[in-house]
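J.: My questions will all concern the structure given below.
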Amino acid sequence: MVAVKKCLALLLIGVLVFSVISSGCISETKTVTPEKSGSPTLSSSTTTQEKNEVVLRLIGPNGEEKALTLEDIKKLPQFEGKGGLKTKRGSIKKVGTYKGVLLSDLLKLVNGLSPDYNIIITAADATGSRRSES
């Protein structure tokens with residue numbers, strides 16, 4: 031059962047990383063570059079217009095909505111781990127070390143989620159993933 035939960039956690043991280051990568055929020059990386067504050071950050075070059083563009087929209091169970099820009103996401107705590115992209119045929123491609131924001135940290139922004147709810151992640155190309163919390 032523990033192995034199944036670990037596999038599900040890794041799959042969820044992979045889906046989240048894929049969703050964020052497909053929307054252009056993060057890229058594959060091999061190292062974490064600490065900012066002056068001591069916490070890892072993402073590195074990218076963005077224009078002023080891109081800094082104000084909403085790249086992630088969260089909707090909580092009570093309908094509370096939180097729109098995040100790339101700059102907002104960069105300010106959140108970063109997590110680094112190994113992952114890959116699962117193809118339609120089931121193979122794993124682009125295996126590497128990725129970094130991004132934990133799903134649990136994003137859920138806290140909309141007051142969390144009880145175990146009675148599902149998480150639905152929809153990528154920019156309208157593909158999606160559903161996960162039940164347990």
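Following the numbering used here, the numbering of the sequence shown begins with 31 at its first residue and continues without gaps. Just so you know, even glycine gets a beta-carbon here, dropped at the ideal spot from N, CA and C.
Taking the runs of the alpha helix (DSSP H) that are 4 residues or longer, which of them lie wholly in the region 81-142?
T.: The qualifying runs are 100-105 and 133-138.
J.: Could you tell me the alpha carbon to alpha carbon distance between Asp146 and Glu95, rounded to whole angstroms?
T.: Roughly 19 Å between the two C-alpha positions.
J.: Assuming Ile103 and Val84 form a contact by the criterion Cβ under 8 Å, report the distance between their Cβ atoms to the nearest whole angstrom.
T.: Actually they are not in contact, since the Cβ atoms of Ile103 and Val84 sit about 11 Å apart, beyond 8 Å.
J.: Quick check on Leu88: buried or exposed, where buried means 16 or more other Cβ atoms within 10 Å of its Cβ?
T.: Exposed, because fewer than 16 other Cβ atoms sit within 10 Å of the Cβ of Leu88.
J.: Looking at the structure shown, is Thr78 part of a helix, part of a strand, or coil, going by DSSP?
T.: For Thr78, the pLDDT reaches just 49, beneath the cut-off of 50, and the residue's location in the model is therefore unreliable, although a value from the coordinates is still provided. Of the three classes helix, strand and coil, the one that applies to Thr78 here is helix, per DSSP.
J.: Measure from the alpha carbon of Val125 to the alpha carbon of each residue in Gly113, Gly93 and Ser134, then state which is nearest.
T.: Measuring from the Cα of Val125, the nearest candidate turns out to be Gly113.
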